[in-house]
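Heads up, the thing below is written out as structure tokens.
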């Protein structure tokens, strides 16, 4: 039995390449049927081709690029611009049928085709004699949740481009589809802005070596897109902005010690028009640099002490009738920011505090639940209010402990909170977050993987896929695949 | 001010290169005096040379090799055999004086010279204009403890040679001087024996790719020696030997389920002469392959259940009058093993259980205290009995937790146990242990470093060096140096 060709029909089908005696697919497909009948795959003659009836053809650079990756096992960091661009689908269906004389992958669009190609590649195995083989298999697959993300933090420690790209490769192997790029924070501002170059000049760890240039950012976005991954940047305000203040005069609130400025600065100054003028220009740029329909606006952990210390802020509070409730001031700021960003035609994501504080949100806002203490209550509240939500609270992978903690992440059931079916549908997925306090280029990959793979399967596979022993056996194989 | 030459006088002096505005020496020298007077160092003209009065000269390959490393910043893995070989000293003194027209490093022997060269290299810094500089400095240095070790475990996961060599480079940067190579265990037997090739053929994870050949072992030993590091191999028996049983028939005790063998095996079978014949031949080989004066014989965590189940063992116990005290059987085995190894003229190290069980030990035995629960009591007991001891209990670096746990390792005071001065002197050092259950080539380096650096300074620097804030500042710089 030989298999030497894969017919690709996309948006309606694709031919593709498996593992039999130990099925080690990760994440586990929705429906899977395999038999002992094995076909040989010769790397020399193996081809992935467009099916005649496919609406995509050789002009679709994204698929051409993916074919080459899966055919040739080319080095990780090939990067080629492509012409075809389509909006991401949320729940891509794909069907994979491996049989003689060739395998067929049907997918509703290119994104489903990419997932199917990955599944196909995981089915190929070497037999005892070193021959590549794949077994007769039928798969019908789709993700349980539409939003399956990884958060990386490039501010606490700068992450070189190659670390980010390597992570995108691993994400694709796990069928993650969102790279939540927590690109700036208190510690540093590595994003190089065209409009405000002084932000990174003065706010990055180093103005030349520790920055993401416009072409770096483009490369990340395009490299991700080639693998079916959205890039959602986060520019967190009004807190977590210390590094912004180095480049932009008067952006941050001067803190006071008694009756005079202490020389330190707090959150974005919410009482100056100049702050909003800046944000308008800044997010206008961001909205064009990042093609995704969403921007993450942060809004978490605002420390009120500096605002409380500042007499001008106190005066403004009194004028607005906020009393001493500084969360009202925070909401005042966020409200104006959301309006600014909405004017760029982008949707926005925010951390849960923004919802908790009662800020008026657009209907399509995605609220990210990150606090572990009352996670189920929060999911209930957010969805009861009708907002779409994603869950990251149980998946803060920067927290480490001895042993196999992947099991804890694996056992989470995102929909276990009490609520109606309509509420459950509003939970569109989750994110594994690797905050950067103790993570840099030297340890990111082994700290994140394969732990994040547990989250990947939880977000992709059916709710019933909960057998830790079975998962362990597959994960061991999947880890080897990733290490290779 | 220019400095272009280093005169080396060894065994009585060496010329050597520092950092001033932020002194980031690690570990901190015993005596250190620095001034603001800075000399330029030109990489093009800078030389390290033997002093006229030095008893070592160009024929000492070890120093020649070290000179090249520190002069040229050559790649990590240059490896050249050398001719000169000297026994390791335990407490090498070195003195480093950096002044015009050249710096002088005096050392009692080549090992002290190596430490001094490392110190010199840490003193070199780049000024604002990118010029290499070193300040006028006087250092007089020696280690507080003679035995400063790192344990790596190449059995739970196989460690490729390059990972071991990279670790030796980092060890030298931290002035560690003992590589405790826990080379085999239950999980696998990667050591390729000339006498018993079947041990690795059948006991390694892979008989060709996951083994240490005789030339691999030689390379590790020589690479380590060039950096002043002893290699102490551990062949742990009678427990932790499952992988030995694959290659050597009848070496392990057959476990019984009721009245018949269960098919599983326990510790080395202590009642057969063939076991001791094997050990005699095996350790004869080991004693020639590893030049160090010591071999680690293990002796920890012997599980008695299999012995208890075996009727032949039960009969032997009765004959010997051991009753049901299986620790007596364990001691019976260990006693014979120690005699076998003593006949090879090697000293031995053992885990604490061997001492605890009252086995008769040679006077020069080194007892390794690893159990954290009664560490001080154990140190007291071992030293009261007059045995030399090393401490690893507080430094099991395979246990991880969130945050800066290096501080816990740093705060340990090895001599805090109650005892006489004579007892304290018997504590010759300690070891940071990185057991391999969750460690392999993908994460070893970032998991071990810089955490092990905390142990390095505790074992090298004066007892009074306990300021965590000061250590933090230096460790940040030292980490950058290691990452480079």
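Protein chains in written order, with the working numbering: chain A, 1 to 484; chain B, 485 to 968. From the three backbone atoms N, C-alpha and C, an ideal C-beta is built for every residue, glycine too.
Beta carbons nearer than 9 Å to chain A: which residues of the region 870-890 of chain B have them?
882, 883, 884, 885, 886, 887, 888
For residue 485(A), list the residues DSSP reports as bridge partners.
In this structure chain A extends from 1 to 484, so residue 485(A) is not present and cannot be described.
Bounding residues of the beta strand (DSSP E) (the contiguous stretch that carries residue 749(B)):
744-752
By the three-class DSSP mapping on this structure, what secondary structure does residue 16(A) have?
Confidence is the limiting factor: at residue 16(A) the pLDDT is only 35, short of 50, which leaves the residue's position unreliable, though a coordinate-based value still follows. DSSP places residue 16(A) in coil when its eight states are reduced to three.
Express the C-alpha separation of residue 180(A) and residue 445(A) in angstroms, rounding to a whole number.
16 Å
I want to verify the contact list: residues of chain A whose CB lies under 7 Å from the CB of residue 967(B), in sequence order.
442
Are the region 919-926 of chain B and the region 856-874 of chain B touching by the rule of at least three beta carbon pairs closer than 8 Å?
no
Local conformation of residue 278(A) per DSSP, three classes
helix
Would residue 930(B) pass as an interface residue toward chain A - the criterion being a Cβ-Cβ separation below 7 Å?
yes
Kindly indicate which three-state DSSP category residue 550(A) falls into: helix, strand or coil?
Residue 550(A) is absent from the model: chain A starts at 1 and stops at 484.
If I measure Cβ to Cβ from residue 830(B) and keep anything under 7 Å in the same chain, skipping five residues before and after, which residues do I get?
771, 777, 778, 779
N-terminal and C-terminal residue of the alpha helix (DSSP H) that residue 435(A) is part of:
Run containing residue 435(A): none; DSSP gives neither H nor E here.
Run of the alpha helix (DSSP H) containing residue 418(A), from where it starts to where it stops:
Counting along the chain, residue 418(A) falls outside any alpha helix (DSSP H), and DSSP gives it neither H nor E.
In the structure shown, what three-state DSSP assignment does residue 665(B) receive?
strand
Put residue 238(A) into one of helix, strand or coil per three-state DSSP.
coil
Measuring alpha carbon to alpha carbon, tell me which residue in 679(B), 673(B), 710(B) is nearest residue 692(B).
673(B)
Just the Cα atoms here: how many angstroms apart are residue 169(A) and residue 227(A)?
7 Å
Give me the residue from 185(A), 321(A), 57(A), 348(A) with the minimum Cα distance to residue 158(A).
185(A)
Where the beta strand (DSSP E) through residue 537(B) begins and ends:
Run containing residue 537(B): none; DSSP gives neither H nor E here.
Measure the Cβ-Cβ separation of residue 723(B) and residue 825(B) and say whether it is below 7 Å.
no
May I ask which residues mark the beginning and end of the beta strand (DSSP E) holding residue 738(B)?
736-741
CB residue 253(A) to CB residue 266(A), shorter than 7 Å?
yes
For residue 717(B): DSSP bridge partner residues:
665(B)
Assign residue 32(A) to one of three DSSP states: helix, strand, or coil.
strand
Closer than 8 Å is the cut-off here; do at least three beta carbon pairs connect the region 467-476 of chain A with the region 170-177 of chain A?
no
Pop quiz: residue 152(A) and residue 392(A) are said to be a contact at Cβ under 8 Å. What is the actual Cβ separation, rounded to whole angstroms?
Incorrect: roughly 13 Å between the Cβ atoms, too far for contact.
Assuming contact is defined by CB atoms lying nearer than 7 Å, are residue 970(B) and residue 842(B) in contact in what I supplied?
With chain B represented from 485 up to 968, any question about residue 970(B) goes unanswered, as that position is not in the structure.
Taking the alpha-carbon positions, what's the residue 794(B) to residue 754(B) distance?
12 Å
Rounded C-alpha distance that separates residue 477(A) from residue 463(A)
22 Å
From the DSSP output, in three-state form, read off residue 132(A) for me.
strand
Going straight from the alpha carbon of residue 525(B) to that of residue 389(A), what length do you get?
59 Å
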